[in-house]
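First the structure, in the form of structure tokens, and then the observations on it.
Residue numbers (UniProt numbering): 1 to 451.
Shown next as structure tokens:
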């Protein structure tokens, strides 16, 4: 199926040694199976006087999607200079009359209006998602990156089927294209692995994971194939997410939660070490750890994107935790671990209550897995998810444990949205001292212990 933007259906079509031609604009990307239907109006150089390129291969200014079907002449030969609506993709009929007798645009059905909107949108997306434009910019500003991209595609055929993302793309518009195309592969890829670009991806709703792929390198005049790290930003076709108040808490969790304490941003390194210990370096590569930490420490900032760690403690031992990020009133769980049975579930349930108290409106859990479904997560289609994401990321919410030190999970889990949550919220609002806050937490926990 056609996807968003990549460098070509066949990596051999990309002649990275011809950077001068690329910079001059004479570079051509050959036709490929996954450039069809994408905002790709410049597959071949155009004459100075023509309009936009044809999807079907004509270049006469207003090209037909599949040729006219009503016996009318070629759209470029119509008397009014505009293509007939029934057989063209980008021609606009005369406001009062069309050559083929179609009705006035004001009388169009909803389907026709949607087509018109798509045509208008197509013209605005060209510059910042069109592959030729992106290649020209990379060739001028960072030709080594272009060489790396070429080598990755040539040695890893799977990358030919996924959209390439770069800082030169308009990521929000890329998401629009993927939604419109019902993109089911979920993966994209990029070679720009810096914290700034990761923040941008998080802001637009991607979940960045990493991978190692083969790439050719020349050392001592010999070509060697080595493994190179790259990002695989995910855009799930079905997203696992929920409002924090929808959390399902089992009797087992309610019984055991009083044994655990929760903290926020207390031991970021410890959580990352726990994740690597549980899943291995291929789950959280060192270069990803480095960039995540740069975001966490605010060495790199982008709009309202913040990186956090969530820790769960038992007898002063770190037994579970996760790395997550906030964008407005959205919290995204990126990856986590547990070292003790039930600790991971307790951590998620306590986290949900903490998010609810602090007015978070969307909890993004990424890919749907059985344990997420058990705690109440829903299957949300991509289009619906991004509609919510683009609303809630502009809403404000704070993310922290209300008290300075750790908070007993029973305060959150057993209290629900009742008196305990009110007490916690009041403590935050009144900025009480540590001693008073601890007293509130202890008294509330004791009052709930027998429930």
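Glycine included, every Cβ here is placed at the ideal spot set by N, Cα and C.
In this structure, how does DSSP classify residue i when only helix, strand and coil are distinguished?
i, result
"residue 242", "strand"
"residue 392", "helix"
"residue 209", "strand"
"residue 333", "strand"
"residue 326", "strand"
"residue 301", "coil"
"residue 365", "coil"
"residue 320", "strand"
"residue 249", "coil"
"residue 338", "strand"
"residue 405", "coil"
"residue 219", "strand"
"residue 184", "coil"
"residue 127", "helix"
"residue 400", "coil"
"residue 458", "In the structure displayed, the chain extends from 1 to 451; residue 458 sits before or after that span and is not available."
"residue 194", "coil"
"residue 360", "coil"
Near residue i, what residues of its chain come up, given a Cβ to Cβ distance below 6 Å and the 5 sequence neighbours on each side ignored?
i, result
"residue 339", "319"
"residue 272", "289"
"residue 57", "Note that residue 57 scores 41 on pLDDT, short of 50, meaning its location in the model is unreliable and no value can be drawn from it."
"residue 148", "191"
"residue 127", "133"
"residue 337", "274, 275 and 278"
"residue 202", "305 and 325"
"residue 237", "184, 186 and 382"
"residue 397", "329, 358, 359 and 360"
Could you give the first and the last residue of the continuous alpha helix (DSSP H) run that contains residue i?
i, result
"residue 410", "409–413"
"residue 146", "143–155"
"residue 371", "370–374"
"residue 172", "171–180"
"residue 296", "286–296"
"residue 347", "343–357"
Using the DSSP secondary-structure output, state which residues sit across from residue i in a beta bridge.
i, result
"residue 189", "164"
"residue 379", "240"
"residue 204", "The partner list for residue 204 (beta bridge, DSSP) is empty, contrary to what the question assumes."
"residue 214", "227"
Ends of the beta strand (DSSP E) at residue i?
i, result
"residue 306", "305–314"
"residue 231", "222–234"
"residue 463", "A query on residue 463 cannot be resolved here, the shown segment of the chain reaching from 1 to 451 and no further."
Between residue i and residue j, is the Cβ-Cβ spacing less than 9 Å?
i, j, result
"residue 199", "residue 303", "yes"
"residue 350", "residue 275", "no"
"residue 300", "residue 347", "no"
"residue 244", "residue 352", "yes"
"residue 344", "residue 333", "no"
"residue 195", "residue 268", "no"
"residue 224", "residue 207", "no"
"residue 365", "residue 399", "no"
"residue 295", "residue 306", "yes"
"residue 330", "residue 362", "yes"
"residue 178", "residue 230", "no"
"residue 182", "residue 382", "yes"
"residue 141", "residue 171", "no"
"residue 131", "residue 189", "no"
Output needed for residue i: all residues of its chain with C-beta closer than 8 Å, excluding positions within five of it in sequence on either side, in chain order.
i, result
"residue 266", "309, 311 and 406"
"residue 394", "328"
"residue 144", "none"
"residue 248", "374, 375 and 376"
With a threshold of 7 Å on Cβ separation, who are the neighbours of residue i within its own chain once the five nearest residues in sequence on each side are excluded?
i, result
"residue 254", "413 and 414"
"residue 452", "This structure leaves residue 452 out entirely; the chain is present only between 1 and 451."
"residue 385", "239 and 241"
"residue 212", "227, 228 and 229"
"residue 168", "134, 137 and 138"
"residue 209", "232 and 234"
"residue 256", "342 and 346"
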